[in-house]
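Quick notes on the structure that follows.
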Amino acid sequence: MTLKNTLPVLLILLVYLLGGLYLLHLNNQNIALSEQLQQYDARKEALAQQRVSLATVKENLHAALAAEQEAKKKELLEKQVAALQEEERRKALEEQQRKEAEAQRLEAARLAAQRAEAERARQAEILRKLRRRRRRRTRAS
(Lines of atoms letter the chains of each structure in order from A and count residues from 1; the text may use other names and numbers.)
(Lines give C-alpha, C1' and ligand atoms only; values in the text may rest on other atoms or scores of the structure.)
Protein backbone atom coordinates (compact mmCIF):
# COMPACT_ATOMS: atom_id res chain seq x y z
CA MET A 1 0.00 0.00 0.00
CA THR A 2 1.18 3.35 -0.87
CA LEU A 3 0.70 6.58 0.87
CA LYS A 4 -1.87 7.64 -1.70
CA ASN A 5 -3.91 4.53 -1.04
CA THR A 6 -3.61 4.69 2.73
CA LEU A 7 -4.49 8.37 3.07
CA PRO A 8 -8.17 7.95 2.13
CA VAL A 9 -8.42 4.90 4.38
CA LEU A 10 -6.81 6.84 7.20
CA LEU A 11 -9.19 9.74 6.57
CA ILE A 12 -12.17 7.40 6.64
CA LEU A 13 -10.85 5.80 9.83
CA LEU A 14 -10.33 9.29 11.29
CA VAL A 15 -13.90 10.27 10.38
CA TYR A 16 -15.19 7.04 11.98
CA LEU A 17 -13.04 7.71 15.03
CA LEU A 18 -14.24 11.30 15.31
CA GLY A 19 -17.84 10.16 14.80
CA GLY A 20 -17.41 7.54 17.53
CA LEU A 21 -15.89 10.13 19.84
CA TYR A 22 -18.78 12.49 19.10
CA LEU A 23 -21.29 9.70 19.75
CA LEU A 24 -19.48 8.93 23.01
CA HIS A 25 -19.64 12.62 23.91
CA LEU A 26 -23.38 12.70 23.13
CA ASN A 27 -23.91 9.56 25.21
CA ASN A 28 -22.06 11.14 28.15
CA GLN A 29 -24.20 14.28 27.78
CA ASN A 30 -27.33 12.13 27.67
CA ILE A 31 -26.26 10.33 30.85
CA ALA A 32 -25.52 13.67 32.58
CA LEU A 33 -28.87 15.08 31.48
CA SER A 34 -30.63 11.94 32.70
CA GLU A 35 -28.96 12.32 36.09
CA GLN A 36 -29.95 16.00 36.21
CA LEU A 37 -33.50 15.05 35.29
CA GLN A 38 -33.57 12.46 38.09
CA GLN A 39 -32.23 15.04 40.54
CA TYR A 40 -34.83 17.52 39.33
CA ASP A 41 -37.58 14.92 39.77
CA ALA A 42 -36.27 14.09 43.25
CA ARG A 43 -36.22 17.79 44.18
CA LYS A 44 -39.69 18.21 42.71
CA GLU A 45 -40.97 15.27 44.79
CA ALA A 46 -39.25 16.64 47.91
CA LEU A 47 -40.86 20.04 47.33
CA ALA A 48 -44.23 18.38 46.84
CA GLN A 49 -43.73 16.53 50.14
CA GLN A 50 -42.71 19.79 51.81
CA ARG A 51 -45.80 21.47 50.39
CA VAL A 52 -47.96 18.67 51.80
CA SER A 53 -46.11 18.91 55.13
CA LEU A 54 -46.53 22.68 55.20
CA ALA A 55 -50.22 22.32 54.41
CA THR A 56 -50.56 19.81 57.24
CA VAL A 57 -48.66 22.10 59.61
CA LYS A 58 -50.86 25.01 58.54
CA GLU A 59 -54.01 22.95 59.16
CA ASN A 60 -52.68 21.84 62.54
CA LEU A 61 -51.85 25.43 63.46
CA HIS A 62 -55.32 26.58 62.45
CA ALA A 63 -56.86 23.75 64.46
CA ALA A 64 -54.67 24.57 67.48
CA LEU A 65 -55.52 28.26 67.18
CA ALA A 66 -59.21 27.49 66.95
CA ALA A 67 -58.95 25.17 69.97
CA GLU A 68 -57.08 27.83 71.92
CA GLN A 69 -59.66 30.47 71.04
CA GLU A 70 -62.43 28.06 72.03
CA ALA A 71 -60.65 27.38 75.33
CA LYS A 72 -60.33 31.14 75.96
CA LYS A 73 -64.02 31.63 75.19
CA LYS A 74 -64.91 28.76 77.52
CA GLU A 75 -62.68 30.17 80.26
CA LEU A 76 -64.23 33.62 79.85
CA LEU A 77 -67.72 32.14 80.00
CA GLU A 78 -66.79 30.15 83.10
CA LYS A 79 -65.46 33.33 84.73
CA GLN A 80 -68.66 35.17 83.83
CA VAL A 81 -70.78 32.33 85.22
CA ALA A 82 -68.69 32.29 88.40
CA ALA A 83 -69.08 36.07 88.74
CA LEU A 84 -72.85 35.80 88.26
CA GLN A 85 -73.06 32.98 90.79
CA GLU A 86 -71.01 35.01 93.26
CA GLU A 87 -73.31 38.00 92.70
CA GLU A 88 -76.35 35.77 93.28
CA ARG A 89 -74.78 34.37 96.47
CA ARG A 90 -74.00 37.89 97.66
CA LYS A 91 -77.54 39.06 96.95
CA ALA A 92 -79.01 35.98 98.65
CA LEU A 93 -76.79 36.62 101.68
CA GLU A 94 -77.84 40.28 101.76
CA GLU A 95 -81.49 39.24 101.48
CA GLN A 96 -81.05 36.70 104.27
CA GLN A 97 -79.33 39.30 106.45
CA ARG A 98 -82.11 41.79 105.68
CA LYS A 99 -84.75 39.21 106.60
CA GLU A 100 -82.90 38.31 109.80
CA ALA A 101 -82.61 42.00 110.71
CA GLU A 102 -86.32 42.46 109.98
CA ALA A 103 -87.14 39.39 112.10
CA GLN A 104 -84.96 40.74 114.93
CA ARG A 105 -86.65 44.13 114.65
CA LEU A 106 -90.09 42.50 114.73
CA GLU A 107 -89.06 40.33 117.69
CA ALA A 108 -87.73 43.40 119.50
CA ALA A 109 -90.99 45.26 118.73
CA ARG A 110 -93.01 42.26 119.97
CA LEU A 111 -90.94 42.07 123.15
CA ALA A 112 -91.28 45.83 123.65
CA ALA A 113 -95.04 45.56 123.13
CA GLN A 114 -95.14 42.63 125.55
CA ARG A 115 -93.17 44.61 128.13
CA ALA A 116 -95.41 47.63 127.58
CA GLU A 117 -98.48 45.41 127.99
CA ALA A 118 -96.99 43.87 131.13
CA GLU A 119 -96.20 47.37 132.42
CA ARG A 120 -99.78 48.50 131.68
CA ALA A 121 -101.13 45.41 133.40
CA ARG A 122 -98.88 46.07 136.40
CA GLN A 123 -99.91 49.71 136.54
CA ALA A 124 -103.56 48.70 136.13
CA GLU A 125 -103.12 46.23 139.01
CA ILE A 126 -101.50 48.94 141.12
CA LEU A 127 -104.39 51.30 140.29
CA ARG A 128 -106.94 48.62 141.23
CA LYS A 129 -105.19 48.02 144.54
CA LEU A 130 -105.05 51.75 145.19
CA ARG A 131 -108.76 52.11 144.37
CA ARG A 132 -109.61 49.20 146.66
CA ARG A 133 -107.62 50.80 149.45
CA ARG A 134 -109.38 54.10 148.87
CA ARG A 135 -112.72 52.36 148.86
CA ARG A 136 -111.85 50.53 152.03
CA ARG A 137 -110.61 53.71 153.62
CA THR A 138 -113.66 55.63 152.53
CA ARG A 139 -115.88 52.79 153.81
CA ALA A 140 -113.92 52.56 156.98
CA SER A 141 -114.22 56.21 157.68
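Using our numbering, read the sequence shown as starting at -11 and increasing by one per residue.
The C-beta atom is built at its ideal place from N, Cα and C for all residues, glycine as well.
Whole-angstrom distance between residue j and residue i, CA atom to CA atom
{"i": "alanine 101", "j": "glutamate 90", "result": "16 angstroms"}
{"i": "glutamate 107", "j": "glutamate 75", "result": "47 angstroms"}
{"i": "glutamine 17", "j": "alanine 52", "result": "51 angstroms"}
{"i": "tyrosine 28", "j": "lysine 67", "result": "57 angstroms"}
{"i": "leucine 6", "j": "leucine -2", "result": "12 angstroms"}
Per-residue DSSP class, three states only, for residue i
{"i": "threonine -10", "result": "coil"}
Legend entry - Entirely enclosed beta strand (DSSP E) segments - the stretch 36 to 68, minimum 3 residues: none
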